[in-house]
Amino acid sequence: MRNSFLFASILFCSSKFANFIDGKIVSTPDLFLQSRLCSLARNLAIKAIAEGSRSIETLQAFYLLVCWKDADDDVSYLHSGYAFRILHDLDLEEGGIDGRRMTRQKRTWLALFRQNRQQSLFFLRRGSLNQGDQETPPLGDLNVWLRMPYALPLDFAACCSADLRCIQYRLRHLVQRKSLDMLPCLVELMDADLRSWRFKWLNQLEGEGRQRPEDSPNLKQFLSPGSHHITTLINVWESGVRLNVASSIFRQALMASLSPSVDLNNPPASSTMELDLSTTQEVSLQNLPGLTSSVEGAFGTLRHLMNFPLGDLRLAPDAVLLLAPNAALFLCLLLCLPGNGIIGEAFQKTAVDLIRAIARHIGQSIQSPQDTVALHSAYLESLVELLNSTDQQELQMEPAFDMANASVGAAELEFNDVSSQPSELAEGISMHNYNVAQNDALLTAGDFSQNLHMQSLFNLLDSHLFWEMASMPGDANFSS
């Protein structure tokens, strides 16, 4: 079906990475053409919403715009949620339509499902659907889906990602509902679920996920990207989810350590909650559940993102690129925690090297100032500048715990391997939702380093920085 909105969206997304000059496609975009197509696509998006369009082509256009959004685009996330809500109400098994169109409808549902779950878990205050809705995608058995007559090789990656989003969604809800005593068990459950997911889909990659004999040998590379690309994606997805879930567990445990009297599953009705910052000198933070897995997830995310060629990284959708600043910021917050240092010099050296390496890698992929990677590169460079400007003696604290000797899962983290790499989302290391007592001697105006330490701790405790948690009533009062 012809659809001007979908056509304009395809042209706009294409114009971000290429141009057509003298009968040839060149990789340097035309910024004026890109700007005009962006305005056209946005106007057609508003028109589609106003007219209540429910065509599958309209929903596909919304998905494209959120995947390759501009830096100043703050509405495409909402539009994709709107599209998913509409598609959720449609009958994907309705009769009277040909098999190819039905497959396209299911493929669009799956794409919007993954986008909705990822953005609601990482970026938005609430998802498009009810938070208690944990249904699996309406695809039946995934093996059946992969063998459908009109399935494409890339559908393997889509099913793999959707399966992981279901696991991530379930684990995050368990973290919010379980008692603090159960947090170590949730770390073990997360490890088991991720191992099972990885084993299942890597086996699929060697079986049903391979190109089938009936598939055309002339399939374009972007339709059949190959096992190396898919394996790299699996590694990035797994590490990103590990960081997301484990950091949520770590935050719960950290909050409880600073305020032992508070039951985070049943927050007090009072308008303030006392958190004693002086306990950071005494609490054995390295023993808190989730810390080691969080670091493993952050390191893994950055390293595996570095395995993407520069050209692929430039073309990557926004949700993948965001994983870089997210992991890098988490490591920065750990580096800047107050006290005697929670992880040691091996971690500090590796974290700093990874953040610098990912900033270089993403920076090298920029071909146009309008590239999406340019925005992420600028943010990562700001973290590098922060690390460079911070007094190194403040970071070289006496190690209370050396992560270089910590065994994670079946293998040890190689913290001295500086050849690996880093990555996703942030809004700067600054105060967020907490009030600090005015008599806090640690936060004098002239003490930049200590102020940075405190801000980092506040951000780790901030439920809206990385984690989607139920907001607590009133303000939190920090005292030393």
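Count the sequence shown with our numbering and you get residues 1 to 480, in order. From the three backbone atoms N, C-alpha and C, an ideal C-beta is built for every residue, glycine too. Since we're looking at a predicted model, the values are computed, not measured.
A straight-line Cα-Cα distance of about 40 Å links Gly226 and Gln286. Take Gly300, set aside five residues on each side of it, and the residues of its chain with a beta-carbon closer than 6 Å to its own are Ser239, in chain order.
Around the beta carbon of Glu296, 16 or more other beta carbons sit within 10 angstroms, so the residue counts as buried. Of the candidates Leu386, Val66, Ala18, Gly81, the residue whose Cα lies closest to the Cα of Asp318 is Val66. DSSP, reduced to helix, strand and coil, places Ile25 within a strand of the structure shown. For Ile97, the number of other beta carbons within 10 angstroms of its own is below 16, and it is reported as exposed.
Between the stretch 8-27 and the stretch 35-42 there are three or more C-beta pairs closer than 8 Å, enough to call the two in contact. DSSP links Asn19 through a beta bridge to Val26.
Approximately 7 Å separates the beta-carbon atoms of Leu59 and Leu112; this is inside 8 Å, confirming the contact. Within the same chain, Cβ atoms closer than 8 Å to the Cβ of Gln118 are found at Arg165, Ala319, the five residues on either side in sequence being excluded. Around Arg356, the same chain offers Val384 as residues with beta carbons nearer than 7 Å, after the five sequence neighbours per side are excluded. Pairing Pro184 with Phe17, the inter-Cα distance amounts to about 45 Å. Take Leu87, set aside five residues on each side of it, and the residues of its chain with a beta-carbon closer than 7 Å to its own are Leu59, Thr108, Trp109, Leu112, in chain order. Annotation for Gly240: the continuous alpha helix (DSSP H) segment containing it runs 227-258. Val75 carries a coil assignment under DSSP once its states are collapsed to helix, strand and coil. With contacts defined as CB atoms closer than 8 Å, Leu313 and Val373 qualify as a contacting pair. The alpha-carbon of Cys160 is positioned some 7 Å away from that of Trp201. The three-state reading of DSSP puts Cys336 in coil, since its state is none of H, G, I, E or B. Straight-line spacing of the CA atoms in Phe32 and Leu322 works out to 26 Å. CA-CA distance, Gly23 to Ser196, rounds to 49 Å. It is roughly 24 Å from the alpha-carbon of Arg303 to the alpha-carbon of Glu206.
Restricting attention to alpha helix (DSSP H) runs no shorter than 4 residues, the stretch 281-321 encloses them at 291-305, 310-315, 318-321, ordered along the chain.
Ala151 carries a coil assignment under DSSP once its states are collapsed to helix, strand and coil. In this structure, Leu174 sits away from Arg242, with a CB-CB distance that is not shorter than 8 Å.
Ranking Met102, Arg100, Ala48 by CA distance to the CA of Ser80 puts Ala48 first.
Following the DSSP letters along the chain, one finds Ile56 inside the alpha helix (DSSP H) bounded by residues 56-67. If you compare the alpha carbons of Arg114, Pro153, Arg85 with that of His229, the shortest gap goes to Pro153.
Membership of Asn43 in the alpha helix (DSSP H) is indicated by the continuous run 31-51. In the displayed model, Asn3 falls within coil according to three-state DSSP, outside both helix and strand. Between Gln34 and Gly52, the alpha-carbon positions lie close to 27 Å from each other. Counting only runs of at least 4 residues, the stretch 169-212 fully encloses the following alpha helix (DSSP H) elements, listed from N- to C-terminal order: 183-206. A residue is called buried when at least 16 other Cβ atoms come within 10 angstroms of its Cβ; Gln168 meets this threshold and is buried. By alpha-carbon distance to Thr28, the top candidate from Ser365, Ser389, Leu387 is Ser365. Under a 10 Å Cβ-count criterion, Pro309 is classified as exposed, with fewer than 16 other Cβ atoms of the shown protein chains found around its own Cβ. Residue state for Leu386 is assigned as helix, using DSSP reduced to three classes.
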